[in-house]
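Working notes, beginning with the structure itself.
There are 2 protein chains.
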Amino acid sequence: MSKNKEKLKMVLHKEGLRFTNQREAVWNEIVTCDEHRNVDDIYMTLRKNGILVSRATVYRTIDVLVKNNMVRKLDVGVGPSKFEHKMNAPHHDHMICIQCGRIEEFVDDQIENLQDSVAKEYEFKLVRHIHQLFGICKDCQ
Amino acid sequence: MSKNKEKLKMVLHKEGLRFTNQREAVWNEIVTCDEHRNVDDIYMTLRKNGILVSRATVYRTIDVLVKNNMVRKLDVGVGPSKFEHKMNAPHHDHMICIQCGRIEEFVDDQIENLQDSVAKEYEFKLVRHIHQLFGICKDCQ
DNA sequence: AATTATTTGAGACTCATTCACAATAAGGGC
DNA sequence: GCCCTTATTGTGAATGAGTCTCAAATAATT
Ligand SMILES: [Mn+2]
Ligand SMILES: [Mn+2]
Ligand SMILES: [Zn+2]
Ligand SMILES: [Zn+2]
């Protein structure tokens, strides 16, 4: 069994949820693509590949995946949220072009550390964060 | 004429928009309150004070204010966006309790600088940013 | 196989926000 | 101030992402 399938089984078990074809299909579609896509993108791709899963099930499954750190939810400020899997990739944040919508990823460990310090200072138990830079990308300038 | 009224007049003029009672009332309601409120909070407060401005106008006015750096839009992850004026206060970001919804502000110049460096590195023209920490606040732990 | 509990799909629903359009009000010149 | 042009407003309808309901399907348990 593939590593990713294992992972899904584990998480579903931990959550007391059943392993179903639909959940596997959704996870598989997400984990085998490295783009930032919205629910409809994912739903339509599944459908195009002849895999019939309802939109509601895509939403429901993604909720579970996000809750369990397998998928990152990305609010790009306009339109529906986007999603990307978190397998085999270090944590990163995003720069979003307000002109063309391009999403670029960035990593900055110093910022991450400072962020932890801030949380500690306020005795705030940090669960997740959003750090997004909005502006004009190189190509759009 | 008050400083804030001046400011509004300037911005509206710059945008080629007219100075109206409604726009003044909305700006006045926002600038004289230091909380993080959603459109409906603001709308209802105006209404409670006998100032009849339609919801659509509140939305429209806030758009202008946000676009012109007089108001910050705050997406708290659940429910409607919140807003706060940006007068007489240094830039800050937010920590949001996912339990009770409390919003705490924080300032970190080092993070701001690193952020600028990242943008420069990618030749990305930074216009605005969101940096929000989600977690459990001191009181909710 | 029968029983019980969960999941699914379909579509209705919610709720924040936007839109269309007729009525109203600003601003600039006279 | 008055007229004219154009922007703004209020109303309520429309939109659209996301959630919910519930009956049918599927899975687990006996
Ligand atoms: Mn990414
Ligand atoms: Mn604030
Ligand atoms: Zn761009
Ligand atoms: Zn709290």
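Sequences listed follow chains A and B, in order.
Under my numbering, read the first sequence as residues 1162 to 1302, first letter to last.
Under my numbering, read the second sequence as residues 1162 to 1302, first letter to last.
The beta carbon of each residue, even a glycine, is placed where N, CA and C say it ideally should be.
On a predicted model such as this, the values are computed, not experimentally measured, just so you know.
Arg1233 (chain B) versus B:Ser1163, B:His1255, B:Ile1212, residue with shortest Cα-Cα distance
B:His1255
For Cys1301 (chain B), the nearest candidate out of A:Lys1286, A:Val1239, A:Lys1299 (CA to CA):
A:Lys1286
Let's test the definition: count the other Cβ atoms within 10 Å of the Cβ of Glu1176 (chain B) and tell me whether it reaches 16, buried, or not, exposed.
exposed
Partner residues on chain A for Arg1289 (chain B), Cβ-Cβ distance less than 7 Å
Phe1295
Backbone CA spacing between Ile1297 (chain A) and Asn1230 (chain B) [nearest angstrom]:
17 Å
Rounded Cβ spacing between Asn1165 (chain A) and Val1192 (chain A) (contact assumed at less than 8 Å):
5 Å
What residues from chain B crowd round Leu1235 (chain A), counting only those whose CB sits closer than 9 Å?
Under the 9 Å cutoff, chain B gives no residues; its nearest Cβ is about 11 Å from Leu1235 (chain A).
Cys1298 (chain A) CB to nearest chain B CB: under 8 Å?
yes
Is the Cβ of Ile1264 (chain B) closer than 8 Å to any Cβ of chain A?
no
Distance, Leu1169 (chain A) Cα to Lys1247 (chain A) Cα:
13 Å
Asp1270 (chain A), DSSP secondary structure in three states
helix
Contact set, ligand 2 heavy atom to C-beta under 5 Å:
B:Glu1245, B:Glu1266
His1197 (chain A): first and last residue of the uninterrupted beta strand (DSSP E) it sits in
Per DSSP, His1197 (chain A) belongs to no beta strand (DSSP E) and is neither H nor E.
Test item: CB-CB of Ile1223 (chain A) and Val1200 (chain A) under 8 Å:
yes
For Gln1183 (chain A) and Val1239 (chain A), what's the separation of their Cα atoms in angstroms?
29 Å
Would Leu1178 (chain A) be called buried (16 or more neighbouring beta carbons within 10 Å of its own) or exposed?
exposed
Indicate whether the contact test is met: 3 or more Cβ pairs, each with one atom in the segment 1262-1278 of chain B and one in the segment 1207-1220 of chain B, closer than 8 Å.
no
Start-to-end residues for the beta strand (DSSP E) that takes in Val1187 (chain B)
Here Val1187 (chain B) belongs to no beta strand (DSSP E); instead the alpha helix (DSSP H) covers 1182-1192.
Measuring only from the beta carbon, is His1253 (chain A) closer than 7 Å to any heavy atom that is part of ligand 1?
yes
Buried or exposed for Met1243 (chain A), please, with buried defined as at least 16 other CB atoms from any protein chain shown within 10 angstroms of its CB.
Here the sequence assigns Lys to residue 1243 (chain A), which means Met is not the residue at that position. So Lys1243 (chain A) counts as buried.
If you draw a straight line from the alpha carbon of Glu1167 (chain A) to that of His1252 (chain A), how long is it in whole angstroms?
22 Å
Report whether the distance from the Cβ of Gln1260 (chain A) to the nearest heavy atom of ligand 3 is below 7 Å.
yes
Which of helix, strand or coil does DSSP assign to Gln1276 (chain A)?
helix
Residues from the segment 1252-1283 of chain A in contact with chain B, defined by Cβ distance under 7 Å:
Met1256, Ile1259, Glu1265, Phe1267, Asp1269, Gln1271, Ile1272, Leu1275, Gln1276, Val1279, Ala1280, Tyr1283
Ignoring anything shorter than 4 residues or poking outside the segment 1207-1260 of chain B, list the alpha helix (DSSP H) runs there in chain order.
1216-1228
Sort out for me which residues DSSP pairs Lys1286 (chain A) with in a bridge.
B:Ile1297
Buried or exposed for Tyr1220 (chain B), going by 16 or more other Cβ atoms inside 10 Å?
exposed
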